[in-house]
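Letter by letter, the sequence shown follows residues 821 to 1025 of my numbering.
One structure below.
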Amino acid sequence: MNDQVSTFGRLGAGIVGIVALGTLVLQTTINTEPGTSPLENFALLFRFFTIWSNFAGGVAMLWIAAGRPISERMTFALATALTIVALVYHALLAADHHPVGLDWWTNLNFHTIIPATFVLWWAVFSDRAHLTWRSLPWVMVFPIIYTAFALIYGASTGFYAYFFLDLPSLGWGQLLLNMIGLSLFFVAMGAVLLALRKLLRRDLA
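Next up, the structure:
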């Protein structure tokens, strides 16, 4: 990236990062109940993949805004994760989910604004030379880490955030099939993002 694009890129990254982490702080205050601390409520949010991906995306954007180097594969993996967060919510959950007040704003940010702006930033400012089809396995980094956490947390508390990871109800056989399906979904979405970025860069060239 040239200096001008790099400057705009860092500015854009800073805005996205501030919105992402600010939304997390706001959601923590909304969820705080009598007898619990904000830190406890912040930790409870991380039961959900949506929060993992938004938090990681926000940290990555602020890291970039500070002028720090970051792996192109890492931002690619985050772009894929956030795209899936948005698609799954709007395709499967939004019709039956009707948040109000401040919850409406945080929900909009988590499932629409932050994913869209992160992916747009990635499409415009990421370095094409460092990403090829061989980068696709990297999209599995975050779902693998989250799945391991979710299974450990579920085994210790009995709470599974998503039905397709509910090991006691599913059994190992169905769980493994679900994980294979999710893996293919992530890889396919990563491939779509790479293809779309190539088209975008070609049109802008």
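Just so it is clear, CB atoms sit at the ideal spot from N, CA and C, and this is done for glycine as well.
Nearest in C-alpha terms to L995, of all of L1004, F1006, F1005, F983, is F983. DSSP places N861 in the uninterrupted alpha helix (DSSP H) bounded by 858-865.
Within the same chain, Cβ atoms closer than 6 Å to the Cβ of L846 are found at T926, the five residues on either side in sequence being excluded. Comparing alpha carbon positions, the residue from M999, W953, T977 closest to I965 is M999.
Look at H917 here: in three-state DSSP terms it is coil, with no helix or strand label. The straight-line gap separating the alpha-carbon atoms of R888 and A833 is approximately 12 Å. Rounded to the nearest angstrom, the Cβ distance from R867 to F979 is 7 Å, consistent with a contact under 8 Å.
Contact annotation, V836 with I934: C-beta distance approximately 7 Å; criterion of less than 8 Å satisfied. DSSP places D923 within a helical segment (H, G or I) once states are collapsed to three.
The residues P858, N861, in chain order, have a CB closer than 6 Å to that of T852 in the same chain once the five nearest residues on each side in sequence are set aside.
Remark: C-beta atoms of V959 and L1020 do not approach each other more closely than 9 Å. Membership of V959 in any alpha helix (DSSP H) is not indicated, and neither H nor E is assigned to it by DSSP. Note on geometry: alpha-carbon atoms of L922 and I890 lie some 33 Å from one another. Around the CB of D916, fewer than 16 other CB atoms lie within 10 Å, so the residue is classed as exposed. Between the beta-carbon of G974 and that of L987 there is about 6 Å, and that keeps the pair under the 8 Å contact cut. Contact check for W942 against A876 fails: the beta carbons are separated by 9 Å or more.
Between L956 and V908, the gap from beta carbon to beta carbon reaches 9 Å or more. Annotated three-state conformation of Y973 is helix, per DSSP. Taking the Cα of L882 as reference, the smallest distance to any Cα among L902, I838, S976, F869 is reached at I838.
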